[in-house]
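Each residue of the sequence shown is one higher than the one before, counting from 1 in full-length UniProt numbering. By construction, the Cβ of each residue, glycine as well, lies at the ideal position given by its N, Cα and C atoms. Note that the coordinates shown come from a computational prediction; the quantities given were computed from them, not determined experimentally.
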Amino acid sequence: MHQMTLAEIARGLADKKFSSEELTKVLLARITQLDPQLNSFISLTEELALEQAKAADARRANGESGALLGAPIAHKDLFCTQGIRTSCGSKMLDNFKAPYDATVVAKLAAAGAVTLGKTNMDEFAMGSANESSWYGAVKNPWNLEHVPGGSSGGSAAAVAARLLPAATATDTGGSIRQPAAFTNLTGLKPTYGRVSRWGMIAYASSLDQGGPLARTAEDCAILLQGMAGFDQNDSTSIDEPVPDYSASLGDSLQGLRIGVPKEYFSAGLDPRIAELIQNSIKELQKLGAVIKEISLPNMQHAIPAYYVIAPAEASSNLSRFDGVRFGHRCENPENLIDLYKRSRGEGFGPEVQRRIMVGAYALSAGYYDAYYLKAQKIRRLVKNDFMAAFNEVDIILGPTTPNPAWKLGAKNSDPVAAYLEDVYTITANLAGLPGLSMPAGFVDGLPVGVQLLAPYFQEGRLLNVAHQYQLHTDWHTRTPQGF
Numbered sequence: 001m002h003q004m005t006l007a008e009i010a011r012g013l014a015d016k017k018f019s020s021e022e023l024t025k026v027l028l029a030r031i032t033q034l035d036p037q038l039n040s041f042i043s044l045t046e047e048l049a050l051e052q053a054k055a056a057d058a059r060r061a062n063g064e065s066g067a068l069l070g071a072p073i074a075h076k077d078l079f080c081t082q083g084i085r086t087s088c089g090s091k092m093l094d095n096f097k098a099p100y101d102a103t104v105v106a107k108l109a110a111a112g113a114v115t116l117g118k119t120n121m122d123e124f125a126m127g128s129a130n131e132s133s134w135y136g137a138v139k140n141p142w143n144l145e146h147v148p149g150g151s152s153g154g155s156a157a158a159v160a161a162r163l164l165p166a167a168t169a170t171d172t173g174g175s176i177r178q179p180a181a182f183t184n185l186t187g188l189k190p191t192y193g194r195v196s197r198w199g200m201i202a203y204a205s206s207l208d209q210g211g212p213l214a215r216t217a218e219d220c221a222i223l224l225q226g227m228a229g230f231d232q233n234d235s236t237s238i239d240e241p242v243p244d245y246s247a248s249l250g251d252s253l254q255g256l257r258i259g260v261p262k263e264y265f266s267a268g269l270d271p272r273i274a275e276l277i278q279n280s281i282k283e284l285q286k287l288g289a290v291i292k293e294i295s296l297p298n299m300q301h302a303i304p305a306y307y308v309i310a311p312a313e314a315s316s317n318l319s320r321f322d323g324v325r326f327g328h329r330c331e332n333p334e335n336l337i338d339l340y341k342r343s344r345g346e347g348f349g350p351e352v353q354r355r356i357m358v359g360a361y362a363l364s365a366g367y368y369d370a371y372y373l374k375a376q377k378i379r380r381l382v383k384n385d386f387m388a389a390f391n392e393v394d395i396i397l398g399p400t401t402p403n404p405a406w407k408l409g410a411k412n413s414d415p416v417a418a419y420l421e422d423v424y425t426i427t428a429n430l431a432g433l434p435g436l437s438m439p440a441g442f443v444d445g446l447p448v449g450v451q452l453l454a455p456y457f458q459e460g461r462l463l464n465v466a467h468q469y470q471l472h473t474d475w476h477t478r479t480p481q482g483f
């Protein structure tokens, strides 16, 4: 049962081959048995899962149907879940139980999804390796000595290891797509505003976006259908109709114009990954796609711009965690200043502290114009590059990451080296565009992803291309040994 995709589970439940309760019990037992190797879960919600599974079975018995009704999933541990710990992978929120459900959690629960637990993540979603979590690093099921990518590495590792069929995740600079590439999954970052951020603990508010992580594009379409939609509680949510993402999966790719930016194939890209990307291009050409070289001239400025904007927003968002209103509180403070200093110093890990300091510096008097304002101007140039490119092509294709997953601890002493691994993903966040990563092969036994980018609200196009590609390749069907 654990090998089934979300789509197969939906068909099995509809055909009464098994019940949601039976499936939930199998997966909970599997998580208990195998997750100690991976550390992909922070909290397991066994009672809630069985309660939701029984309710889903009852709804089906009463004639209800739905692709997510009775389907087991997990939530990244920054989506607030009522009465359940929502830690953001941080000591700061280790004892926080949310008093309400995030919109994404509520929507999926209403659709009948079964929540198995909350997955591990980089602390406050800051990281590219899932090593900054206060609960310990997550391991990549393809090689337990390597990272699964971050910050949604817990969701990615759990789905890749077949502990569950799909999970929610978030993407601020590539945190859905990069873990998807590192663990042989399909991951989709929707258009900014497509999925509500209400109840999603913020890292960088203008960049964060929730999305699905699953094994196939078909499964991502199912999960996104349950997540997407306008939310009046979120001022950045877009009031745009949600299409049927599964309906367009079978569309032909004949005549589809795919742009390949020349800047993607620079000296920083592992040549073995470059070869796999070229193989993917050839496969799509066989399906009728037309390939065109394009240019994104301001891509080289994206990383410095991102690492000014994101920490600036983080320093503002995380100011609320002070030991008074929210979060960890130090023992026996001498005075208010001591309370603030020690509570934040003890509650936040090194990577979070680093980004708060960078952000506070960029926003400080005398430096705002030189750093933050200039970064926002670069952001606009990046967006303009994409708008010009999409006048010529329908989607943009390239590598998701410049290298395969690195060994645990390999980049801990050099944060900038880890930041550079986001070179292909962060531009979509700066511009607010939808992006998808899908499996494209292996290098030294480690998965590699190919990234697709599309114009605003064209998630259906991305899912269609990925689905057609997956009908003609089998990379996404490979399972890590031992799982």
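Indicate whether Ala-67 and Ala-109 have their beta-carbon atoms separated by less than 9 Å.
Contact flag unset, no.
Three-state class that DSSP yields for Leu-462 in the structure shown:
When secondary structure is reduced to three states using DSSP, Leu-462 falls in the helix class.
By Cβ distance, which residues of its chain are closer than 7 Å to Ala-431, with the 5 residues on each side in sequence left out?
Excluding its 5 nearest sequence neighbours in each direction, Ala-431 has C-beta neighbours in its own chain below 7 Å: Val-382, Lys-383, Phe-386, listed in chain order.
Start-to-end residues for the beta strand (DSSP E) that takes in Val-290
Unbroken beta strand (DSSP E) run through Val-290: 290-294.
If contacts are defined as beta-carbon pairs under 8 Å, then Leu-23 and Met-1 qualify, I think. What distance do you get, rounded to the angstrom?
Between Met-1 and Leu-23 the Cβ distance is about 6 Å, and since that is below 8 Å, they are a contact.
Give a yes or no on whether the C-beta atoms belonging to Ala-129 and Gly-89 are separated by under 9 Å.
Not in contact: Ala-129 and Gly-89 (Cβ atoms no closer than 9 Å).
So for Ser-43, helix, strand or coil by DSSP?
Reduced to three states, the DSSP call for Ser-43 is strand.
Buried versus exposed, by CB contacts within 10 Å (16 or more), Asp-219
By the 10 Å Cβ count, Asp-219 comes out buried.
Which residue's Cα is closest to the Cα of Glu-46: Ile-84, Phe-326, Asn-95?
Per the Cα distances, Ile-84.
To the nearest angstrom, report how far apart Leu-253 and Leu-284 are at their CA atoms.
Their backbone Cα atoms lie some 8 Å apart in a straight line.
Go ahead and pull the three-state DSSP assignment for Met-121.
Shown here, Met-121 sits in coil according to DSSP, grouped into three states, outside any helix or strand.
Starting from residue 494 and walking both ways along the alpha helix (DSSP H), at which residues does that stretch end?
This structure cannot speak to residue 494, because the chain is shown only from 1 to 483.
Spatially closest choice to Pro-243 from Leu-463, Gly-12, Phe-483, by CA coordinates
Each of Leu-463, Gly-12, Phe-483 was checked against the Cα of Pro-243, and the nearest Cα belongs to Leu-463.
State yes or no: is the C-beta of Ala-314 within less than 9 Å of the C-beta of Arg-355?
Cβ distance < 9 Å, so Ala-314 and Arg-355 count as in contact.
So, Leu-13 versus Ala-71, is the Cβ gap smaller than 9 Å?
Taking 9 Å as the Cβ cut-off, Leu-13 and Ala-71 qualify as a contacting pair.
Grouping DSSP H, G and I as helix and E and B as strand, with all else coil, what is Ser-343?
Helix at Ser-343.
Those runs of the beta strand (DSSP E) which lie wholly inside the stretch 80-117 and span at least 3 residues:
Correct list: empty.
Exposed unless 16 or more other CB atoms sit within 10 angstroms - verdict on Gln-33:
Label assigned to Gln-33: exposed.
Nearest CA to the CA of Ile-277: which residue from Lys-407, Pro-402, Lys-16, Lys-97?
Of all alpha-carbon atoms in Lys-407, Pro-402, Lys-16, Lys-97, the one lying nearest the alpha-carbon of Ile-277 is that of Pro-402.
Per-residue DSSP class, three states only, for Lys-383
Looking at Lys-383 - three-state DSSP - the assignment turns out to be helix.
Check whether the stretch 292-308 and the stretch 340-349 touch, using three or more Cβ-Cβ pairs below 8 Å as the test.
The stretch 292-308 is not in contact with the stretch 340-349.
Cβ neighbour criterion (16 or more within 10 Å) applied to Ser-65:
With fewer than 16 other Cβ atoms within 10 Å, it is exposed.
Verify the CB distance criterion: does Lys-411 have a CB-CB separation below 9 Å to chain D?
Protein chains in the displayed structure number just one, and chain D is not present.
Use the C-beta contact count for Tyr-203: other C-beta atoms within 10 angstroms, 16 or more gives buried, fewer gives exposed.
By the 16-neighbour rule on beta-carbons within 10 angstroms, Tyr-203 is buried.
Neighbour-count burial assignment, Ser-87, 16 or more Cβ in a 10 Å radius
Under this definition Ser-87 is a buried residue.
Closest residue to His-301 among Glu-263, Ala-49, Asn-335 (Cα-Cα distance)
For His-301, the closest alpha carbon among the candidates Glu-263, Ala-49, Asn-335 is that of Glu-263.
Cutting at 6 Å between CB atoms, please list the residues of its own chain near Val-352, excluding the five before and the five after it.
Cβ within range, chain order: Glu-123, Phe-124, Met-126.
CB contact flag (Lys-107, Trp-134, <9 Å)
Not closer than 9 Å, so no.
Indicate the three-state DSSP secondary structure (helix, strand or coil) for Ser-205 in the structure shown.
The three-state secondary structure of Ser-205, taken from DSSP, is coil.
Compare the beta carbon distance of Gln-309 and Ala-375 with 9 Å and say whether it is the shorter of the two.
Just to set this straight, residue 309 is Ile in the shown sequence, not Gln. Yes, the pair counts as a contact, with Cβ atoms nearer than the cut-off.
Closest residue to Met-121 among Ser-20, Gly-250, Ile-42, Ala-56 (Cα-Cα distance):
It is Ile-42 whose Cα lies nearest to the Cα of Met-121.
Hey, which unbroken runs of the alpha helix (DSSP H) at 4 residues or more fall wholly within the stretch 124-170?
Counting only runs of 4 or more, we get 153-160.
Collapsed DSSP secondary structure at Pro-261 in the structure displayed
Three-state DSSP puts Pro-261 in a strand.
For Leu-433 and Tyr-456, believed in contact at Cβ under 8 Å, the rounded distance:
The beta carbons of Tyr-456 and Leu-433 sit about 7 Å from each other, so the pair counts as a contact at 8 Å.
Nearest candidate by alpha-carbon position, reference Gly-193, set Val-448, Asp-270, His-467, Thr-172:
Per the Cα distances, Thr-172.
Enumerate, from N- to C-terminal direction, the unbroken alpha helix (DSSP H) stretches of 4 or more residues contained entirely within the stretch 366-428.
Taking 4 residues as the minimum length, the alpha helix (DSSP H) runs contained wholly in the stretch 366-428 are 374-389, 415-419, in order along the chain.
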